[in-house]
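Chains as they are written, first to last, in our numbering: chain A, 1 to 289; chain B, 1001 to 1278.
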């Protein structure tokens, strides 16, 4: 069987001329992909976008002004933002240690960072609860100094830190590795102190990655369910997260109400991520200058 | 990394950083893991083993394996197809397609489960129609599988896409010029080129499929011995104050996570590249 030599490929050429492509299988692969994507993701998600409107605008506002819903949204978004913020310096520290320093046990430490990614959320939730419960390994000493983590909003924050930390480490790490030390050396040669070099050369170069890490950690924590509900105590208005309110509404067959809260969560999260993106864009020209 | 004297921090600074990082990761990551195994064995091996012998535990383990056995191949096939289009061809809307494939990662697990309830649940779009025909999706195996497929959707595609994009299409084109059929070139050229990445993707997809909690919790209905996967069974045991049994089952899943991490590290060493898990 003879095969025609492939024509030079034109990027953006019409979809329908693909038949002449030397590589077969585009139609089949795209067909499988679109079917898979539509059935599993797009059609079900469209239900989330469409169902809230059954309630009408007044109904939607009524759901969103429920004090319990408001408190849950405030807790979920507040703790997720705070946890992602606290993870920035911690993640930077871990990334720095992994990239710049050589010490025994570094590989183990490196592998450990991924643990929250791999550990099922229910297991993480159970583990953190056991650890921070008033009689737990960390809970008992903390209780002695008057701090209770488990079954309080602080527990929600701790669980969110746990799930978010690897995101910050793993986004900063490759950038720090690629950055090398030349720029710092140049700064040092030009008379900058160590602190000046770090603050004015290294940190600006890492800022976009740090922001990405912040966004990823936030996005993951804000919707987190399994790791949080065990340690949270789930007291309405106090330590009840938004995903749990959704679950309760679904259990009461209030589908539209649940969809309203779910859609509100998605939209709010996109607003936060959009703001992070804007901040990144704003930081970038400064870095190139 | 070898650094010149200008960028080398004082030993005190360096060691403080290392100690702080080790302390942070130990307290935050290693201790919780240790707590799971300690609690599981607190009442001895017999209690832990008895927890696994319970018929409800056995059915939870079987259901978890079954759900993963359906969800992982579906997402592997879909992931390969998606990576093939995105990496080997140019077409309008490609960036949108990639963004949509990654979408499930930015959706709360509870919302991931809820969307299927909104479609197939008793008051869902298709609920009444399904009910008339006696088809049960929510609170049954199909719902669990759908929710699991949704949350593990991007894993295979996103591990394959960067690698296949890097490899380009010259080898496949050469194979085509030499007379290979599409299927032959896929099987003999493309697959061997991406085998380690594919394995990593499948591994991570499987770990998440077996460990998923939020999404399956919404669609499961928590029927004992019928629709409880292992993570859901853990929650039930815990709420019934059967702590030793809850932690024993949790320890099994923690072991799965450790094996996954270990295998991922090995695979990275084989293929010489790092991959993100999520």
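Yeah, the Cβ is synthetic: ideal placement off N, Cα and C, and Gly gets one too.
Quick caveat, the model's predicted, so the values are computed rather than measured.
Does DSSP classify residue 1075 (chain B) as helix, strand or coil? Working through the second chain from its first residue, we reach residue 1075 (chain B) at position 75. Reduced to three states, the DSSP call for residue 1075 (chain B) is helix.
Would you check if the distance between the CB atom of residue 1124 (chain B) and the CB atom of residue 1117 (chain B) is smaller than 8 angstroms? Mapped onto the second chain, residue 1124 (chain B) falls at position 124. Mapped onto the second chain, residue 1117 (chain B) falls at position 117. Going by C-beta atoms, residue 1124 (chain B) is nearer than 8 angstroms to residue 1117 (chain B).
Please work out which residues of its chain come closer than 6 angstroms, Cβ to Cβ, to residue 282 (chain A), disregarding the five sequence neighbours upstream and downstream, and give them in chain order. Numbered from 1 along the first chain, position 282 holds the residue referred to as residue 282 (chain A). Excluding positions up to five away in sequence, the list is empty.
Looking only at its chain, what residues have a beta carbon closer than 6 angstroms to the beta carbon of residue 1165 (chain B), apart from the 5 residues adjacent to it on each side? To locate residue 1165 (chain B), count along the second chain from 1; it is residue 165. These residues qualify, in order along the chain: 1087.
For residue 178 (chain A), name the three-state secondary structure that DSSP assigns. Here residue 178 (chain A) corresponds to residue number 178 of the first chain, with the count starting at 1. Reduced to three states, the DSSP call for residue 178 (chain A) is helix.
Output needed for residue 1093 (chain B): all residues of its chain with C-beta closer than 7 angstroms, excluding positions within five of it in sequence on either side, in chain order. Translated into positions along the second chain, residue 1093 (chain B) becomes position 93. Here the set comprises nothing.
Just to confirm, are residue 97 (chain A) and residue 1030 (chain B) a CB contact at a threshold of 8 angstroms? Indexing the first chain from 1 puts residue 97 (chain A) at position 97. Indexing the second chain from 1 puts residue 1030 (chain B) at position 30. No. Outside cutoff.
Alpha carbon to alpha carbon, how far is residue 1050 (chain B) from residue 1248 (chain B)? Taking the second chain and counting its residues from 1, one reaches residue 1050 (chain B) at position 50. Taking the second chain and counting its residues from 1, one reaches residue 1248 (chain B) at position 248. So the alpha carbons of these two residues sit roughly 9 angstroms apart.
Please give the ranges of any alpha helix (DSSP H) in the stretch 1017 to 1091 of chain B, keeping only runs that are unbroken, at least 4 residues long and fully inside the region. 1031 to 1041, 1044 to 1053, 1055 to 1088
With DSSP run on the structure shown, which of helix, strand or coil describes residue 1101 (chain B)? The residue you call residue 1101 (chain B) lines up with position 101 of the second chain. Residue 1101 (chain B) falls in the helix class under three-state DSSP.
Mind pulling the chain B residues with CB within less than 7 angstroms of residue 157 (chain A)? Here residue 157 (chain A) corresponds to residue number 157 of the first chain, with the count starting at 1. Residues of chain B passing the Cβ test: none, with the nearest at roughly 13 angstroms.
Step through the CB atoms of chain B and report whether any lies within less than 8 angstroms of the CB of residue 255 (chain A). For this step, residue 255 (chain A) is matched to residue 255 along the first chain. Output row for residue 255 (chain A): interface = yes.
Within 8 angstroms (strictly less), CB to CB, does residue 274 (chain A) reach chain B? Your numbering for residue 274 (chain A) matches position 274 in the first chain. Residue 274 (chain A) does not count as touching chain B.
Got a sec: which bits of the stretch 1015 to 1042 of chain B sit with their beta carbon under 9 angstroms from any beta carbon on chain A, in order along the chain? 1015, 1017, 1018, 1020, 1021, 1022, 1024, 1025, 1026, 1027, 1028, 1029, 1030, 1031, 1032, 1033, 1034, 1035, 1036, 1038, 1039
When you compare the CB positions of residue 246 (chain A) and residue 1119 (chain B), do they come within less than 8 angstroms of one another, or not? Within the first chain, the letter at position 246 stands for residue 246 (chain A). Within the second chain, the letter at position 119 stands for residue 1119 (chain B). No.
Spatial neighbours of residue 1169 (chain B) in its chain, beta-carbon cut-off 6 angstroms, leaving aside the 5 residues before and after: As a first step, residue 1169 (chain B) is located in the second chain; it is residue number 169 there, counting from the start. The answer, listed in chain order, is 1088.
If you measure from the CB of residue 148 (chain A), is any heavy atom of the ligand NAP nearer than 7 angstroms? With respect to the ligand NAP, the structure offers nothing, as it holds no ligand at all.
Residues of its chain near residue 1236 (chain B), where Cβ-Cβ distance is below 6 angstroms and the 5 sequence neighbours each way are ignored: Here the question's residue 1236 (chain B) lines up with position 236 in the second chain. Hits under 6 angstroms: none found.
Note down the Cα distance separating residue 1245 (chain B) from residue 1234 (chain B), rounded to an integer number of angstroms. Your numbering for residue 1245 (chain B) matches position 245 in the second chain. Your numbering for residue 1234 (chain B) matches position 234 in the second chain. The alpha-carbon atoms of residue 1245 (chain B) and residue 1234 (chain B) are separated by roughly 8 angstroms.
Taking only beta-carbon positions, decide if residue 24 (chain A) is within less than 8 angstroms of chain B. Counting from 1 along the first chain, the entry for residue 24 (chain A) is found at position 24. By this cut-off, residue 24 (chain A) is an interface position.
How many angstroms separate the CA atom of residue 1062 (chain B) from the CA atom of residue 1225 (chain B)? Stepping through the second chain from its first residue, residue 1062 (chain B) is reached at position 62. Stepping through the second chain from its first residue, residue 1225 (chain B) is reached at position 225. Answer to the nearest angstrom: the Cα atoms are 10 angstroms apart.
The stretch 236 to 248 of chain A: which residues have C-beta closer than 9 angstroms to a C-beta of chain B, in chain order? 242, 243, 244, 246, 247
Roughly how many angstroms separate the alpha carbons of residue 140 (chain A) and residue 1113 (chain B), rounded to a whole number? Within the first chain, residue 140 (chain A) is the residue found at index 140, counting from 1. Within the second chain, residue 1113 (chain B) is the residue found at index 113, counting from 1. Rounded to the nearest angstrom, the two C-alpha atoms are 36 angstroms apart.
Are the CB atoms of residue 162 (chain A) and residue 198 (chain A) nearer to each other than 8 angstroms? Indexing the first chain from 1 puts residue 162 (chain A) at position 162. Indexing the first chain from 1 puts residue 198 (chain A) at position 198. Not closer than 8 angstroms, so no.
Quick check on this structure: which residue in B:1012, B:1145, B:1020, B:1140 has the alpha carbon closest to the alpha carbon of residue 1067 (chain B)? Numbered from 1 along the second chain, position 67 holds the residue referred to as residue 1067 (chain B). Looking at the Cα atoms, B:1145 is the closest of the given residues.
For residue 290 (chain A), which of helix, strand or coil comes out of DSSP? In the structure displayed, chain A extends from 1 to 289; residue 290 (chain A) sits before or after that span and is not available.
Roughly how many angstroms separate the alpha carbons of residue 1130 (chain B) and residue 265 (chain A), rounded to a whole number? As a first step, residue 1130 (chain B) must be located in the second chain, where it is residue number 130. As a first step, residue 265 (chain A) must be located in the first chain, where it is residue number 265. Their backbone Cα atoms lie some 29 angstroms apart in a straight line.
Starting from residue 78 (chain A), follow the alpha helix (DSSP H) in both directions and report where the run begins and ends. Residue mapping note: residue 78 (chain A) aligns to position 78 of the first chain, counting from 1. Residue 78 (chain A) -> alpha helix (DSSP H) spans 67 to 100.
Start and end residues, alpha helix (DSSP H) containing residue 1250 (chain B): As a first step, residue 1250 (chain B) is located in the second chain; it is residue number 250 there, counting from the start. Residue 1250 (chain B) -> alpha helix (DSSP H) spans 1243 to 1271.
For the putative contact between residue 125 (chain A) and residue 231 (chain A), defined by C-beta atoms under 8 angstroms, what is the C-beta separation to the nearest angstrom? Looking up residue 125 (chain A) in the first chain gives position 125. Looking up residue 231 (chain A) in the first chain gives position 231. Confirmed, Cβ separation roughly 6 angstroms.
Report the residues of the stretch 1134 to 1145 of chain B with a CB closer than 9 angstroms to any CB of chain A, ordered along the chain. none
Give the DSSP-derived three-state secondary structure of residue 200 (chain A) in the structure shown. Within the first chain, the letter at position 200 stands for residue 200 (chain A). Three-state result, residue 200 (chain A): helix.
Are the C-beta of residue 53 (chain A) and some C-beta of chain B separated by less than 8 angstroms? For this step, residue 53 (chain A) is matched to residue 53 along the first chain. Closer than 8 angstroms: no.
Proximal residues, the stretch 1226 to 1242 of chain B versus chain A, C-beta separation under 9 angstroms: 1230, 1231, 1232, 1234, 1235, 1238
Can you tell which of A:101, A:49, A:36, A:34 has its C-alpha closest to the C-alpha of residue 1013 (chain B)? In the second chain, the residue the question calls residue 1013 (chain B) occupies position 13. Of the candidates A:101, A:49, A:36, A:34, the one whose C-alpha sits nearest the C-alpha of residue 1013 (chain B) is A:101.
My output table needs one value for residue 1228 (chain B): the three-state DSSP class, helix, strand or coil. The sequence position of residue 1228 (chain B) within the second chain is 228, counting from 1. Coil, per DSSP.
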